[in-house]
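Sequence positions in the sequence shown follow this note's numbering and run 15 to 488. The beta carbon of each residue, even a glycine, is placed where N, CA and C say it ideally should be. Keep in mind that this is a model prediction, so the values were computed, not measured.
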Amino acid sequence: MDSGTRNSGKLFDRMPPCLSNQETPRRLGSRTAMGLGAGTSGEAFDETPRKKSKLETDAAVLSWASLPSDILGVVLSLLPCFADRANVGAVCHHWRSQILQDLHPPLPLLVLPKFKFWCLCSGVPNRAAWSVQMPQEAAAGDVRCVGSFQEWLVCVAPVRDRGTQYRKFDGECFMVNASSHKVVRLPHLSTFTHGLSGYSHKALPVIPVDTGLGVVYFTTGDKYTMSLRKVALSASPDSGSKCIAVASSYHGLTQTLALWQPGMNSWHVCNGLPIVGPKDLAFYQGKLYVLSRFVPRLYTFELEEDGRGVVVSRVKHYVIDTLRNHHIQRCGELIYNIVVWRDNLLLITRRYHTTADTYSPKREVRQVQVFVLNFGTNTCGLTEIHNFDGDCVFVDSCGCNSFPAGLHGDEGDLVYFVDQYRKYDISNFNPSYDTFVYNVRNGTTRPFSVELSPNNFGAPNGKLDVPVWLLTSK
Numbered sequence: 015m016d017s018g019t020r021n022s023g024k025l026f027d028r029m030p031p032c033l034s035n036q037e038t039p040r041r042l043g044s045r046t047a048m049g050l051g052a053g054t055s056g057e058a059f060d061e062t063p064r065k066k067s068k069l070e071t072d073a074a075v076l077s078w079a080s081l082p083s084d085i086l087g088v089v090l091s092l093l094p095c096f097a098d099r100a101n102v103g104a105v106c107h108h109w110r111s112q113i114l115q116d117l118h119p120p121l122p123l124l125v126l127p128k129f130k131f132w133c134l135c136s137g138v139p140n141r142a143a144w145s146v147q148m149p150q151e152a153a154a155g156d157v158r159c160v161g162s163f164q165e166w167l168v169c170v171a172p173v174r175d176r177g178t179q180y181r182k183f184d185g186e187c188f189m190v191n192a193s194s195h196k197v198v199r200l201p202h203l204s205t206f207t208h209g210l211s212g213y214s215h216k217a218l219p220v221i222p223v224d225t226g227l228g229v230v231y232f233t234t235g236d237k238y239t240m241s242l243r244k245v246a247l248s249a250s251p252d253s254g255s256k257c258i259a260v261a262s263s264y265h266g267l268t269q270t271l272a273l274w275q276p277g278m279n280s281w282h283v284c285n286g287l288p289i290v291g292p293k294d295l296a297f298y299q300g301k302l303y304v305l306s307r308f309v310p311r312l313y314t315f316e317l318e319e320d321g322r323g324v325v326v327s328r329v330k331h332y333v334i335d336t337l338r339n340h341h342i343q344r345c346g347e348l349i350y351n352i353v354v355w356r357d358n359l360l361l362i363t364r365r366y367h368t369t370a371d372t373y374s375p376k377r378e379v380r381q382v383q384v385f386v387l388n389f390g391t392n393t394c395g396l397t398e399i400h401n402f403d404g405d406c407v408f409v410d411s412c413g414c415n416s417f418p419a420g421l422h423g424d425e426g427d428l429v430y431f432v433d434q435y436r437k438y439d440i441s442n443f444n445p446s447y448d449t450f451v452y453n454v455r456n457g458t459t460r461p462f463s464v465e466l467s468p469n470n471f472g473a474p475n476g477k478l479d480v481p482v483w484l485l486t487s488k
């Protein structure tokens, strides 16, 4: 693969620097500027704020509030960074209400461990990431992100109310809105007793049954323990019961998928052969798609609702024709992702060359391909594409999203990868990541300038907090 300097596509390079990523630290308002409800005293922009009297504060707010809405709209349209827009909204209520009006979505944010945010529009390294104040639920040092949807982050924390041997399991789970700080709690991720109400257990044969892929066991009302790797949402939590959460859990030999929607007081759990191994998850046209990340196996889970909440009614396996003979020569050589782009479900493949160095193996990306999945009765065809009509795709360890980069006049047709591929090296904590940008038009790659090293994390062994893309709508 050509990784030379001919790639002229540097997304966001034409953007003005993100004001929130400058080297000189600035004091934010009394509440975080990431929350659009930040203080209204104007201190979000002050280098050395002094205490002001109420009369001074009221006069300053009135002065700022008199700025005509059309002028303010022009200013906001020139601020593609979410944090800069939030700083503007911190000045006064009038400015904040203007931000909530129709604007193009801000550029994506990379949420780093301990809720540090990095904005793409600056192009500066990770040292310029800024910390934000979060609700009390997310303030603990052992909370980590396992997924995102628009302004919402899905967070988990280890079991805290039992002995240290139980901290290998996750306990609290909640969703937090990075703009409003609204928190939605989900059921506890580990229950240690039987006897929950509504117990049921059924075996769902994988269709077609002659594939030998066995069954998926769907259980409600039973005890469970989980350690989440990723969570996908079907819709915003603001949509009520339309929001379905699916969580992928992996701990030791136990691998499960768990389902939840508002109104349920426990998780519904699936296990079986289609659940085994690292997975990518996507909701598409009312179904849940589950893709094995290291082998080309794609499953659809058809979902229904009954008095217990969301349930799985059918599981189907699709053979991906042109990939059926692909196999893994060594771990990690082939990696697959799925992402919803406009009205299509895309398959992204990465092929790597890995050297045989036991202590520090070297990886080099050799090929990236993007396909539209064309579904038949039991098979799935592939159509390779070489553009996203100006959009971009963002891939992390918890999921994939597409973004209309052209709305800001930036170059599109790029894939941004920030994806973990190794968690441990021998017995040491040593996370490694693919961080590069791929141009689907000309097949070139270039480095991605965010630094991700163990020093950025500080998470306990076994509870790695991975970076997550946040693609907000406002």
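Burial state of residue i (16 or more Cβ within 10 Å)
i      : result
Thr62  : Residue confidence is low: Thr62 scores 39 on pLDDT, short of 50, so the model does not pin down where it sits. No coordinate-derived value is stated.
Asp479 : buried
Lys128 : buried
Tyr213 : exposed
Lys376 : exposed
Gln269 : buried
Thr178 : exposed
Asp224 : exposed
Gln150 : exposed
Arg199 : exposed
Leu267 : exposed
Ser331 : Correcting the residue identity first, residue 331 is His in this sequence and not Ser. It is buried - the Cβ of His331 has at least 16 other Cβ atoms within 10 Å.
Pro481 : buried
His195 : buried
Gln164 : buried
Phe385 : buried
When the options are compared against residue i, the one with the closest alpha-carbon
i      : options                           : result
Gly185 : Ser204, Thr178 and Ser194         : Ser204
Glu319 : Pro276, Ser145 and Trp355         : Pro276
Leu348 : Asp357, Arg307, Thr314 and His331 : Arg307
Val105 : Phe408, Lys301 and Leu81          : Leu81
Arg356 : His367, Leu387, Thr363 and Tyr366 : Leu387
Asp427 : Val454, Gly300 and Pro122         : Val454
Ala152 : Cys169, His265 and Val160         : Cys169
Cys95  : Trp132, Gly266, Trp109 and Phe188 : Trp132
Leu123 : Ala97, Ser111, Ile399 and Tyr180  : Ala97
Leu119 : Ser262, Ser416, Pro481 and Ser463 : The question names Leu, but residue 119 in the sequence shown is Pro. Taking only the C-alpha atoms, the option nearest Pro119 is Ser416.
Gly321 : Thr458, Glu165, Gln147 and Thr234 : Thr234
Ser145 : Gly103, Phe232, His215 and Ala192 : Ala192
Gln434 : Asp424, Gly423 and Asp448         : Asp448
Val230 : Leu121, Leu271, Phe431 and Gly457 : Leu271
Gly457 : Asp405, Val429 and Val464         : Val429
Thr239 : Val157, Ser262 and Cys257         : Ser262
Helix, strand or coil at residue i [DSSP, three-state]
i      : result
Trp281 : coil
Pro122 : coil
Ile85  : helix
Ile289 : helix
Ala152 : helix
Pro249 : Per the sequence presented here, residue 249 reads as Ala, with Pro not at that position. Residue state, collapsed to three classes: coil.
Ala272 : strand
Asn401 : coil
Pro481 : coil
His422 : helix
Phe129 : helix
Gly254 : helix
Ala79  : helix
Ser487 : coil
Ser446 : strand
Arg364 : strand
Ala171 : strand
Gly177 : coil
Asp427 : coil
Leu359 : strand
Asn392 : coil
Leu200 : strand
Residues bridged to residue i [DSSP beta-bridge criterion]
i      : result
Phe297 : Leu302
Glu318 : Val325
Lys216 : Phe232
Ala259 : Leu247 and Trp274
Lys330 : Ile221 and Thr314
His265 : Thr268
Asp410 : Gly413 and Val432
Assumed close pair residue i, residue j - CB separation to whole angstroms, cut-off 8 Å
i      : j      : result
Gly286 : Gly228 : 6 Å
Pro288 : Val220 : 6 Å
Ala246 : Gly161 : 6 Å
Residue i at chain C interface by Cβ criterion, 9 Å
i     : result
Ala79 : In the structure shown, chain C cannot be found, because there is only a single protein chain.
Closer than 8 Å: residue i CB and nearest the ligand ATP heavy atom
i      : result
Thr393 : With respect to small molecules bound, the structure shown includes none, and the ligand ATP cannot be examined in it.
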